[in-house]
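Start counting the sequence shown at 195; every next residue gets the next number (our numbering).
Presented below is the structure to which this report refers.
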Amino acid sequence: MVYTSPLPDIDVPNSLLGPFVLQHAERLANEPALVDGVNGRSLTFAELQGEVMALAGGLAARGFGKGDVLALMAPNIPEYAVAFHGTAWAGGSVTTINPTYTAGEVKHQLKDSGARILVTVSMFLGIAREAAEGTDVESVFTIDESDAPNVTELMGTPLTKQAAADVNDVVTLPYSSGTTGLSKGVMLTHRNLIANLVQTAAMLPISEGETVLAFLPFFHIYGMQVLMNGALFQGGKVVTMPRFDLEQFLSLAQDHKVERAFVAPPIVLALAKHPLVDHYDLSALKSVFSGAAPLGAELAQEAGARLGCEVVQGYGMTELSPVSHATPEGQFKPGTIGVLAPSTESRIVDPDTGNDLGEGEDGEVWVRGPQVMPGYLNNESATASTIDTDGWLHTGDVGHVDKDGHFTIVDRLKELIKYKGFQVPPAELEALLVTHPAIADAAVIGIPDDEAGELPKAFITLKDGVEASAEDIQSFVADQVASYKQIRLLEFVPEIPKSASGKILRRMLRDN
């Protein structure tokens with residue numbers, strides 16, 4: 195059975211991303227578009243548009259345009275939007291890089307995406323330069339002051355008209371971890387992103403002038419789309435936070451009279467339990483929307499009772515631009531991810547038989563709609579295993595739908611671990627662990643955790659006659675991967691349970 199949204203279908207504007215997001219820039223010229231939450235620095239809509247056009251003009255003068263890629267590795271600051279949209283306005287694509295990546299992880303993304311230019315900040319300049327060696331990157335620029343060329347040197351005569359491009363051109367390339375191998379470039383088009391902005395606005399509208407606190411990273415699709423682009427195209431004000439700090443978050447929410455907070459489950463936990471919350475006036479809050487990882491029903495209700503507002507959740511994936519399900523105002527049902535976004539279809543499918551399942555029956559959630567990516571960059575096999583010939587994206591998540599059209603996610607077919615909203619691929623960690631001279635075999639699973647969602651736990655079998663401590667192994671991993679991929683728990687076992695074909699039996703490890 196094909197399930198559809200209870201909300202009216204949308205029309206996807208035939209526009210490119212930059213003009214769409216900046217559609218109110220002239221009318222709201224003197225209104226703040228982006229504010230640095232740390233120091234109060236701001237860009238008005240007119241200044242944002244001017245800098246976007248100047249960067250686009252400078253890029254075009256360098257011969258950068260359609261088919262070219264700029265890599266952006268920076269924290270949430272107002273200039274992030276300038277770099278992102280200046281690239282898009284020039285007709286190019288942006289690949290957004292996690293600033294906590296190691297040089298090796300950054301290099302993989304630079305090489306796979308074919309990036310020509312890398313924009314970062316001084317804090318990450320060393321890693322950026324190391325990663326850029328041996329790639330197609332011609333120049334590295336920083337947004338702030340450093341011994342590298344400043345991004346202002348990229349700016350030129352403003353390109354007042356969006357460079358020629360097609361709505362089906364790839365405009366951004368965020369990278370998504372898989373259960374095997376290295377991360378994959380998710381090709382998202384102008385049409386994908388605009389469709390999902392309109393879909394999300396129909397469910398979670400942001401009022402003109404409304405303040406959105408943006409600590410969820412812009413390199414991640416949630417922060418990029420729901421916060422940065424979603425607020426700007428509706429005329430909202432984006433207050434950026436380069437990292438999450440609870441006291442600063444609460445202070446900014448109080449001072450800006452934030453009405454809706456977009457968060458992830460660890461922040462819901464803090465809002466429910468941390469004593470600091472009682473010292474701030476959050477009475478303007480009407481709702482808290484949680485995404486990026488599963489949110490328990492009891493925790494949502496506890497936070498909602500303390501704050502006096504709805505605490506709801508939604509669901510999405512990088513490959514879905516990202517939202518496919520969300521909870522509109524007044525439709526909260528504990529434990530559910532809400533209803534389908536407009537113009538989105540879903541099926542619940544038995545993973546063993548391929549048959550559709552009915553209400554209340556658990557199966558893999560499939561999604562189809564204009565927000566579904568065209569595929570993974572340079573990876574036809576991964577694309578074919580994720581999107582079938584009828585356009586259904588197989589999410590790898592197990593769930594069910596109730597009589598009211600609300601969906602609930604209960605498990606995952608995929609083996610990805612979700613740590614604070616970030617995807618941690620067990621196979622990548624396992625491949626790294628077995629390079630340790632003391633380790634004979636290894637397996638990694640996710641252990642449920644109220645704050646993080648899941649914690650990566652390693653099961654280790656040591657080589658005969660060789661010793662190593664848990665601390666040694668955790669340090670070995672920590673030196674080579676981003677912080678969110680680090681092993682948080684470790685257990686030594688005599689052997690790793692495997693099937694006859696050699697596949698790790700993770701469920702046996704979970705059941706121990």
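Just so it is clear, CB atoms sit at the ideal spot from N, CA and C, and this is done for glycine as well.
Residue burial annotation: Ala466 is buried, with at least 16 other C-beta atoms found within 10 angstroms of its C-beta.
Fewer than three beta-carbon pairs drawn from the segment 585-600 and the segment 652-659 are found closer than 8 Å, and the two stretches are therefore not classed as touching. Going by beta carbons, Glu523 and Ser481 fall inside the 8 Å limit. Note that the segment 538-556 does not touch the segment 494-507; fewer than 3 beta-carbon pairs, one per stretch, sit closer than 8 Å. Taking a cut-off of 8 Å for Cβ pairs, the segment 298-308 and the segment 434-452 do not touch, as fewer than three such pairs fall below it. For Lys431, the enclosing beta strand (DSSP E) has its first and last residue at 431-434. If the five residues before and after Gly510 are omitted, its C-beta is found closer than 6 Å to the C-beta atoms of Pro516, Val517, Ser518, all from its own chain and listed in chain order.
Bounds of the alpha helix (DSSP H) holding Arg700 are 700-705. Secondary structure remark: continuous alpha helix (DSSP H) runs of at least 4 residues inside the segment 468-506, in chain order: 491-501.
If you look at Ile633, you'll find it in the beta strand (DSSP E) that goes 633-643.
For Glu273, same chain residues with a beta-carbon under 6 Å away, outside a window of 5 residues either side, are Ile337 in chain order. Measuring C-alpha to C-alpha distances from Asp591 to each of Leu627, Asp635, Leu571, Ile531 identifies Ile531 as the nearest. Rounded to the nearest angstrom, the Cβ distance from Gly403 to Pro411 is 24 Å, too far for a contact under 8 Å. Taking 8 Å as the cut-off, the beta carbon of Leu312 is found no closer than this to the beta carbon of Val288. Per DSSP, Gly647 is one residue of the beta strand (DSSP E) stretching across 647-656. When only Cα atoms are considered, Arg700 and Pro650 end up about 13 Å apart. In the DSSP annotation of this structure, the continuous segment of the alpha helix (DSSP H) that includes Phe670 starts and ends at 664-672. Distance from the CA atom of Lys692 to the CA atom of Leu703, rounded to whole angstroms, is 10 Å.
Taking every protein chain shown into account, the CB of Phe686 has fewer than 16 other CB atoms within 10 angstroms, so this residue is exposed. Straight-line spacing of the CA atoms in Ile639 and Gly286 works out to 38 Å.
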